[in-house]
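Data block below; observations after.
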Amino acid sequence: MLGKIDLQPDMIYGIDRLMCRSFDDWTRYVGKPEVQHSCDTFIQANAFPLGVRVGKLSEEGWLPIGFFQLWNAGETGVDTYPEHGEADRGDMLMGRMWPRAKRALIPEIVGIHLESEAMLNMGANWSGRTTREFGLISDPSLPESIPTPPSGAIADYRPQPKRKLVWLRKLWSMS
223 MLGKIDLQPD MIYGIDRLMC RSFDDWTRYV GKPEVQHSCD TFIQANAFPL GVRVGKLSEE
283 GWLPIGFFQL WNAGETGVDT YPEHGEADRG DMLMGRMWPR AKRALIPEIV GIHLESEAML
343 NMGANWSGRT TREFGLISDP SLPESIPTPP SGAIADYRPQ PKRKLVWLRK LWSMS
(Lines of atoms letter the chains of each structure in order from A and count residues from 1; the text may use other names and numbers.)
(Lines give C-alpha, C1' and ligand atoms only; values in the text may rest on other atoms or scores of the structure.)
Protein backbone atom coordinates (compact mmCIF):
# COMPACT_ATOMS: atom_id res chain seq x y z
CA MET A 1 0.00 0.00 0.00
CA LEU A 2 2.79 2.46 0.84
CA GLY A 3 4.22 1.96 -2.66
CA LYS A 4 0.94 3.21 -4.16
CA ILE A 5 0.87 6.41 -2.11
CA ASP A 6 2.75 9.49 -3.28
CA LEU A 7 4.68 9.95 -0.04
CA GLN A 8 6.43 13.29 0.22
CA PRO A 9 10.00 13.17 1.58
CA ASP A 10 9.57 16.31 3.70
CA MET A 11 6.52 15.05 5.62
CA ILE A 12 5.80 12.84 8.63
CA TYR A 13 2.98 10.31 8.41
CA GLY A 14 0.78 8.52 10.91
CA ILE A 15 -2.00 5.93 10.85
CA ASP A 16 -5.05 5.13 12.95
CA ARG A 17 -5.05 2.19 15.32
CA LEU A 18 -7.64 -0.22 16.54
CA MET A 19 -7.49 -1.19 20.22
CA CYS A 20 -7.43 -4.95 20.83
CA ARG A 21 -8.04 -5.16 24.60
CA SER A 22 -6.95 -8.75 25.33
CA PHE A 23 -5.26 -11.90 24.07
CA ASP A 24 -8.68 -13.60 23.97
CA ASP A 25 -9.97 -10.84 21.66
CA TRP A 26 -6.88 -11.30 19.50
CA THR A 27 -7.33 -15.08 19.18
CA ARG A 28 -11.00 -14.56 18.19
CA TYR A 29 -9.89 -12.04 15.58
CA VAL A 30 -7.14 -14.30 14.19
CA GLY A 31 -9.63 -17.19 14.05
CA LYS A 32 -12.05 -15.12 11.96
CA PRO A 33 -10.43 -11.82 10.91
CA GLU A 34 -12.45 -8.83 9.82
CA VAL A 35 -11.59 -7.62 6.34
CA GLN A 36 -10.02 -4.16 6.41
CA HIS A 37 -10.20 -3.60 2.65
CA SER A 38 -13.04 -4.81 0.43
CA CYS A 39 -14.24 -4.40 -3.14
CA ASP A 40 -11.02 -2.49 -3.92
CA THR A 41 -12.88 0.52 -2.51
CA PHE A 42 -13.87 0.31 1.15
CA ILE A 43 -11.68 0.64 4.25
CA GLN A 44 -13.42 -0.96 7.22
CA ALA A 45 -11.70 -0.25 10.51
CA ASN A 46 -14.24 -1.97 12.72
CA ALA A 47 -12.61 -5.15 14.08
CA PHE A 48 -11.87 -3.37 17.38
CA PRO A 49 -12.64 0.08 18.84
CA LEU A 50 -10.79 2.92 17.15
CA GLY A 51 -8.00 4.39 19.29
CA VAL A 52 -7.86 8.10 19.98
CA ARG A 53 -6.07 10.53 17.73
CA VAL A 54 -3.93 13.18 19.40
CA GLY A 55 -4.48 16.81 18.48
CA LYS A 56 -3.61 19.86 20.55
CA LEU A 57 -6.47 22.12 19.49
CA SER A 58 -4.91 25.11 21.27
CA GLU A 59 -1.77 24.61 19.16
CA GLU A 60 -1.28 23.13 15.68
CA GLY A 61 -3.75 20.24 15.80
CA TRP A 62 -3.26 16.56 14.90
CA LEU A 63 0.01 14.77 15.64
CA PRO A 64 1.10 11.33 14.46
CA ILE A 65 1.87 9.40 17.63
CA GLY A 66 4.70 6.98 18.35
CA PHE A 67 3.22 3.59 17.51
CA PHE A 68 3.58 4.64 13.84
CA GLN A 69 5.56 7.63 12.63
CA LEU A 70 6.97 7.46 9.12
CA TRP A 71 9.42 10.06 7.82
CA ASN A 72 12.44 10.26 5.54
CA ALA A 73 15.43 10.85 7.82
CA GLY A 74 17.82 11.44 4.92
CA GLU A 75 15.65 14.06 3.26
CA THR A 76 14.53 15.89 6.41
CA GLY A 77 17.76 15.63 8.36
CA VAL A 78 15.73 14.38 11.35
CA ASP A 79 17.67 11.29 12.38
CA THR A 80 17.40 11.44 16.18
CA TYR A 81 14.26 10.75 18.19
CA PRO A 82 13.58 13.25 21.01
CA GLU A 83 14.46 12.00 24.49
CA HIS A 84 11.93 12.61 27.22
CA GLY A 85 12.80 9.92 29.76
CA GLU A 86 9.57 7.95 29.36
CA ALA A 87 7.37 6.91 26.46
CA ASP A 88 4.76 9.57 27.08
CA ARG A 89 5.91 12.67 25.24
CA GLY A 90 8.81 11.89 22.91
CA ASP A 91 6.44 10.96 20.10
CA MET A 92 4.57 14.25 20.46
CA LEU A 93 7.82 16.18 20.45
CA MET A 94 8.77 14.28 17.29
CA GLY A 95 5.48 15.10 15.56
CA ARG A 96 5.82 18.78 16.46
CA MET A 97 9.12 18.95 14.58
CA TRP A 98 6.98 19.25 11.42
CA PRO A 99 4.52 22.11 10.86
CA ARG A 100 0.87 20.97 10.63
CA ALA A 101 0.91 21.22 6.83
CA LYS A 102 3.69 18.59 6.78
CA ARG A 103 1.83 16.00 8.95
CA ALA A 104 -0.46 13.52 7.18
CA LEU A 105 -2.68 10.60 8.11
CA ILE A 106 -2.54 7.50 5.88
CA PRO A 107 -6.16 6.27 6.13
CA GLU A 108 -5.59 3.18 3.96
CA ILE A 109 -3.47 1.57 6.69
CA VAL A 110 -4.84 0.79 10.14
CA GLY A 111 -2.69 -0.71 12.90
CA ILE A 112 -3.89 -3.00 15.68
CA HIS A 113 -2.63 -2.10 19.15
CA LEU A 114 -2.39 -5.24 21.30
CA GLU A 115 -3.13 -4.90 25.02
CA SER A 116 -2.97 -7.68 27.58
CA GLU A 117 -5.89 -6.21 29.51
CA ALA A 118 -8.13 -3.18 29.32
CA MET A 119 -6.07 -0.16 30.32
CA LEU A 120 -7.52 1.59 33.33
CA ASN A 121 -4.85 4.29 33.17
CA MET A 122 -3.47 5.69 29.94
CA GLY A 123 0.24 5.03 29.80
CA ALA A 124 0.22 2.13 32.24
CA ASN A 125 3.32 0.64 30.56
CA TRP A 126 5.13 3.83 29.51
CA SER A 127 7.75 3.49 32.25
CA GLY A 128 8.03 -0.30 32.00
CA ARG A 129 5.45 -3.09 32.06
CA THR A 130 2.90 -2.90 34.86
CA THR A 131 0.17 -4.93 33.15
CA ARG A 132 0.37 -8.67 32.57
CA GLU A 133 2.17 -9.91 29.47
CA PHE A 134 0.24 -10.28 26.24
CA GLY A 135 -0.20 -13.97 25.45
CA LEU A 136 -1.27 -17.29 26.78
CA ILE A 137 -2.02 -17.72 30.46
CA SER A 138 -1.68 -20.84 32.55
CA ASP A 139 -4.74 -22.71 33.77
CA PRO A 140 -4.03 -24.55 37.05
CA SER A 141 -6.98 -26.90 36.42
CA LEU A 142 -5.21 -28.45 33.42
CA PRO A 143 -2.57 -31.21 33.57
CA GLU A 144 1.06 -30.07 33.45
CA SER A 145 1.50 -31.40 29.90
CA ILE A 146 -0.34 -33.21 27.13
CA PRO A 147 -0.01 -36.99 27.54
CA THR A 148 2.58 -38.61 25.28
CA PRO A 149 0.99 -40.43 22.31
CA PRO A 150 1.72 -44.12 21.62
CA SER A 151 5.22 -44.95 20.41
CA GLY A 152 5.78 -43.98 16.77
CA ALA A 153 2.50 -42.02 16.47
CA ILE A 154 4.27 -38.67 16.05
CA ALA A 155 7.99 -38.78 15.40
CA ASP A 156 8.90 -35.34 16.78
CA TYR A 157 6.31 -35.02 19.57
CA ARG A 158 7.27 -32.87 22.56
CA PRO A 159 5.05 -32.42 25.63
CA GLN A 160 3.53 -28.93 25.72
CA PRO A 161 3.12 -26.71 28.78
CA LYS A 162 -0.39 -26.40 30.14
CA ARG A 163 -0.79 -22.82 28.97
CA LYS A 164 -0.80 -23.99 25.36
CA LEU A 165 -3.71 -26.26 26.28
CA VAL A 166 -5.73 -23.19 27.26
CA TRP A 167 -5.05 -21.59 23.89
CA LEU A 168 -5.83 -24.80 21.98
CA ARG A 169 -9.04 -25.31 23.94
CA LYS A 170 -10.13 -21.74 23.17
CA LEU A 171 -9.35 -22.06 19.47
CA TRP A 172 -11.18 -25.40 19.35
CA SER A 173 -14.27 -23.94 21.04
CA MET A 174 -14.38 -21.10 18.49
CA SER A 175 -14.61 -23.43 15.49
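Under my numbering, the first residue of the sequence shown is numbered 223, with each subsequent residue one higher.
Note that beta-carbon positions come from the ideal geometry of N, C-alpha and C, so glycine has one too.
Only a predicted model underlies this, so the values are computations on that prediction, with no experimental measurement involved.
First and last residue of the uninterrupted alpha helix (DSSP H) at residue 295: Within the sequence shown, the letter at position 73 stands for residue 295. That run of the alpha helix (DSSP H) goes 295–298.
Three CB pairs or more closer than 8 Å across the stretch 274–291 and the stretch 244–252: no
Beta strand (DSSP E) segment containing residue 233, residue limits: If you number the sequence shown from 1, residue 233 lands on position 11. The continuous stretches of beta strand (DSSP E) do not include residue 233, and DSSP gives it neither H nor E.
The stretch 257–264 / the stretch 290–310 touching (three or more Cβ pairs under 8 Å): no
Span of the alpha helix (DSSP H) around residue 250: Within the sequence shown, the letter at position 28 stands for residue 250. Taken as a continuous stretch (DSSP letters only), the alpha helix (DSSP H) holding residue 250 covers 245–253.
Residue nearest to residue 228 in terms of C-alpha spacing, selected from 327, 238, 332, 355: In the sequence shown, counting from the first residue as 1, residue 228 sits at position 6. Distances from the CA of residue 228 to each of 327, 238, 332, 355 were compared; the closest alpha carbon is that of 327.
Start-to-end residues for the beta strand (DSSP E) that takes in residue 277: Within the sequence shown, residue 277 is the residue found at index 55, counting from 1. Its beta strand (DSSP E) spans residues 276–278.
Residue 317: first and last residue of the uninterrupted alpha helix (DSSP H) it sits in: As a working mapping, residue 317 is identified with position 95 in the sequence shown. Its alpha helix (DSSP H) spans residues 312–317.
Own chain residues within Cβ distance below 6 Å of residue 301, not counting five before or after: Taking the sequence shown and counting its residues from 1, the one referred to as residue 301 is at position 79. Cβ within range, chain order: 295.
Exposure label - residue 317; buried when at least 16 CB within 10 Å: What you label residue 317 is simply residue 95 of the sequence shown in a count that begins at 1. Residue 317 should be labelled buried.
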